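Okay, so the sequence shown: first residue is 0 according to numbering that gives the first Met the number 0, each after it adds one.
Note sheet for the following structure.
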Amino acid sequence: MLGTGKNMNLRMKFWGLGLLAVCFGVVSAKALGPTDIRDFALFGGGGIELLYGANVQGLVGTSQNLWLESGPLSADGVYIAGGYVGEDRTSQNISGDFVVGGSLFAQSAVDPSTIGGNLVVGGNVEALDISLFLVNFIVSGDGAISHNLRILGNATVGGDVFLDGIVDGHLTHGGAFQTAPGSSAGSVTPGDPVPPPQLGPWTLPASATFDANDNNVNLPNNQDLTLAPGQYGELNFASNTTLTLTAGTYTFKSVFSDSIFNKLNLDTSSGEIVIQIEEDAFLGLQTLVDG
């Protein structure tokens with residue numbers, strides 16, 4: 000995948016209070032639990048768009064929606080207060096829980112998806128032609144369990160269920176229940192409504208501020224720049240530029256790059272890099288780790 004650097008153990012956190020549109024990248028952080036945005040390796044306050052997937056060594060969180068256009072999403076856990084859309088050719092490899100406050104929609108995938116923990120959805124689930132392995136399936140609304148979906152534990156659905164996969168354990172449904180040929184469950188019984196998960200709001204403590212300013216950084220064509228940690232305004236890439244960041248905290252008002260020839264070189268040899276973005280970020284670039 001484009002954007003994966005030479006060292007997969009990147010010590011970095013990437014926080015945005017606005018929209019994060021991420022085209023390429025590897026992000027890493029220790030998973031500590033979703034209590035505030037500093038516990039996430041990648042957080043978008045205005046939603047996240049992963050245009051070509053992402054390999055996140057840590058937690059992913061957003062107070063709005065997450066949209067995955069193409070490519071894989073790997074993370075230690077995913078917590079989405081809004082809804083989730085996985086477009087064609089997407090897959091998920093989540094070692095922990097995948098929690099969605101709204102509805103989940105996923106289309107066909109080239110590679111199988113795995114969720115090491117639970118899939119918890121506050122709205123409806125529509126999974127079309129995907130291969131998905133997970134532990135427990137907990138849905139407040141309606142659940143369409145597609146073929147090639149394998150639930151190793153139990154399925155608890157507050158609304159209607161269309162089962163076209165396999166549930167090893169017990170399936171409980173609050174509404175109507177339908178099955179397709181070849182599907183199976185260990186046992187099936189009617190159940191009660193399922194309350195939706197409560198996520199967020201995630202905020203920074205009062206002592207922490209983003210403190211962006213009007214000191215804009217504009218990289219012209221064919222220029223390389225090493226930027227010291229600190230507070231900045233807008234960060235704008237032209238084309239064929241390389242920006243190197245070193246250990247410390249960077250605060251930007253916004254970030255924009257729409258060329259795969261641009262590079263973000265993250266030198267973590269001296270410690271962790273924290274990138275804070277006050278508004279929106281569109282990250283169409285390659286990410287190099289200690290490159």
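Think of the CB as a built atom: it goes at the ideal place given N, C-alpha and C, for glycine as much as any other residue.
Since we're looking at a predicted model, the values are computed, not measured.
Residue i vs residue j beta-carbon contact at 8 angstroms
i	j	result
residue 223	residue 241	yes
residue 172	residue 186	no
residue 97	residue 65	no
residue 57	residue 201	no
residue 76	residue 101	no
residue 74	residue 93	yes
residue 233	residue 258	no
residue 157	residue 192	yes
residue 219	residue 139	no
residue 69	residue 86	yes
residue 276	residue 251	yes
residue 153	residue 135	yes
residue 62	residue 199	yes
residue 279	residue 52	no
residue 226	residue 256	no
residue 239	residue 221	yes
residue 245	residue 228	yes
Nearest-angstrom beta carbon gap, residue j and residue i [assumed within contact, 8 angstroms]
i	j	result
residue 230	residue 212	5 angstroms
residue 148	residue 126	6 angstroms
residue 162	residue 179	7 angstroms
residue 281	residue 261	Between residue 261 and residue 281 the Cβ distance is about 11 angstroms, and since that is not below 8 angstroms, they are no contact.
residue 144	residue 155	Incorrect: roughly 12 angstroms between the Cβ atoms, too far for contact.
residue 103	residue 120	5 angstroms
residue 141	residue 167	That belief does not hold up - the Cβ atoms of residue 141 and residue 167 are roughly 21 angstroms apart, past 8 angstroms.
residue 55	residue 67	That belief does not hold up - the Cβ atoms of residue 55 and residue 67 are roughly 12 angstroms apart, past 8 angstroms.
residue 110	residue 71	7 angstroms
Extent of the continuous beta strand (DSSP E) run through residue i
i	result
residue 71	70–74
residue 258	253–265
residue 156	154–156
residue 92	89–93
residue 243	241–244
residue 201	No beta strand (DSSP E) holds residue 201; DSSP gives it neither H nor E.
residue 136	135–138
residue 161	160–162
residue 104	103–105
residue 228	No beta strand (DSSP E) contains residue 228, which DSSP labels as neither H nor E.
residue 83	83–85
residue 272	272–276
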